[in-house]
Amino acid sequence: MNLDVRPADECKYDAVSLGEVMLRLDPGEGRIRTARSFRVWEGGGEYNVIRGLRKCFGMRTAVLTALAGNEVGMLLEDLMLQGGVDTSLIRWMETDGIGRVCRNGLNFTERGFGIRGAVGCSDRANTAVSKAVPGDFDFDYIFGKLGVRWLHTGGIYAALSEQSCETVLAAIKTAKKYGTIVSYDLNYRPSMWSAIGGKAKAQEVNKEIAKYVDVMIGNEEDFTACLGFEIEGNDAELKALNLEGYKKMINQAAKTYPNFKAVATTLREVKTATVNDWSAICWADGQIYKARDYKGLEIMDRVGGGDSFASGLIYGLLMTGDAEQAVNYGAAHGALAMTTPGDTTMAVKKEVEAVMGGAGARVQR
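Numbered continuously in the working numbering, the sequence shown closes out at residue 365.
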C-alpha cells in the first residue's frame, strides 16, 4: 500500500500523539476500594501509542498535551521522560492551589482476575488539556517547521470537552496540509460523551474527523457508536468473532470514507478477565488481512492492549507499507503488552518479532 509518508530526513519526529496523559494509580493485585497503597504509572489512550513507538520500536516521538504546572504535572513529565518520549511540545498551564483553574487527570484502575473484570475510576474533569484550545499549540510550527511523519490522536481526547473536539480538528487539518499521515482510534467511551451530547455528539464529531483520517482504528462498538455502522450477525456469532460481519462493516466504512488508506480493528473474545482470545484484521487496498490468532491468551493487565496494537500497526505501516505485516506487528505487540502491568508496553521489537514468528514461552537463558 502507498501511504506517501514524508521522508524521515525531512522531519524531526517520526510520530506525535495528541491527547491527555493521566496519572494511573494501580492497587496491584488488590481492589481500589480496599487499597492502602498504589503504584503510579503514566497513561492515556493516545499517549500509550506514541510511547510504544518510542520504547518498543525505537522511533522518534513526542507528545502533544497540556499539564497543570504543579508537582503532579512534573511527576507525569518525569514518567514520560523515562519512556523516552520528547516532552518539549507540552503546554504547561498555570493553576491555583486546589485545581479550580485546571488540574491533572487521575485514573484509578484495577486489573481484574478470573470472573472479576477490570475496573476503572477516572477523575479527569477540568484538566489542563480538556481546557486547551487550538491556539494553545502552534500546529503550523510543529507540522510545518519541525516536521512530523505521523500524527496519532483519538476519540478519548475528542470526548473530553467542546474545546478538545475543536483542537483535534485543527490539529489533523494542519497535519494534512503538511503531508503528515493521520491515524485515529475511535475509542468510544459513553460516560465521557454523555456530558457533551452523548452518542449523537460523538457521531457528529467523529464523522467530521473521519473525513481527514488516513488510518482508522476501532472495535465493533466504536464503529457503531461513533460512525453509525452496524456489524451483521447474532450475539452468538459476535462472541465467536464473526469475521464476515467485521469484514462487511470495515468495507462499508472504507466505501463511505474513500480517504481511508487502512482500517483496522482488534478481535477479542473475553472468556475471563485473565484469559482472552485475541487477534486483529486490517483493510487496505480493497483487501482484508487477518493477524494470527492468540487463543487462550493469558492476561496480566488488559488496559492499553488496544493502544499497543495501534503502535505495532503504525510501526508496520510506516516501516514496511505492508498491511498484512503491520496487523501482525500490532496483534503481537498488543498481546505482549497485556502480559505486563501498567498501561504502556514493556516489550522490545525483538520479542514482538519472535512472537510473530511463533516463538513459545520457554525460559530464555
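Here a beta-carbon is modelled for each residue, glycine too, at the ideal position from N, C-alpha and C.
Query: Per-residue DSSP class, three states only, for Asn-251; Result: helix
Query: Expected contact under 8 angstroms - CB spacing of Ile-54 and Gly-19 to nearest Å; Result: Residue identity differs from the one stated: residue 54 is Arg in this sequence, not Ile. The Cβ separation is near 15 angstroms, so there is no contact.
Query: Residue nearest to Ala-326 in terms of C-alpha spacing, selected from Leu-186, Tyr-289, Glu-220 and Arg-302; Result: Tyr-289
Query: Which listed residue (Lys-173, Tyr-188 and Asn-2) has its alpha carbon closest to that of Lys-211; Result: Lys-173
Query: Cβ-based burial, Cys-56 [other Cβ within 10 Å; buried from 16]; Result: buried
Query: CA-to-CA distance, Cys-226 to Ala-202, given in whole angstroms; Result: 6 angstroms
Query: Nearest candidate by alpha-carbon position, reference Arg-33, set Gln-82, Gly-52, Cys-121 and Leu-75; Result: Cys-121
Query: Beta-bridge partners of Ile-181, as assigned by DSSP; Result: Trp-150
Query: Backbone CA spacing between Trp-278 and Gly-306 [nearest angstrom]; Result: 11 angstroms
Query: Buried versus exposed, by CB contacts within 10 Å (16 or more), Ile-98; Result: exposed
Query: Burial state of Ala-359 (16 or more Cβ within 10 Å); Result: exposed
Query: Terminal residues of the alpha helix (DSSP H) in which Phe-309 lies; Result: 305-320
Query: Limits of the beta strand (DSSP E) - the one that Ala-280 falls within; Result: 275-284
Query: Contact belief for Leu-160 with Val-129 at Cβ below 8 angstroms, rounded distance in angstroms; Result: 7 angstroms
Query: C-alpha distance - Trp-283 paired with Gly-73, whole-angstrom precision; Result: 39 angstroms
Query: C-alpha distance - Leu-76 paired with Glu-42, whole-angstrom precision; Result: 6 angstroms
Query: Simplified DSSP assignment, three categories, for Thr-345; Result: coil
Query: Under the three-state DSSP convention, the category Thr-265 falls into; Result: strand
Query: At least three beta-carbon pairs within less than 8 angstroms, the stretch 136-156 to the stretch 103-120; Result: no
Query: Euclidean distance between Cα positions of Arg-302 and Leu-313; Result: 18 angstroms
Query: Cβ-Cβ distance between Val-49 and Ser-17 below 8 angstroms; Result: yes
Query: Nonlocal neighbours in the same chain, by C-beta distance under 6 angstroms from Ala-332, ignoring five residues either side; Result: Val-352, Val-355 and Met-356
Query: Beta bridge counterpart(s) of Trp-193 as assigned by DSSP; Result: None, per the DSSP bridge assignment.
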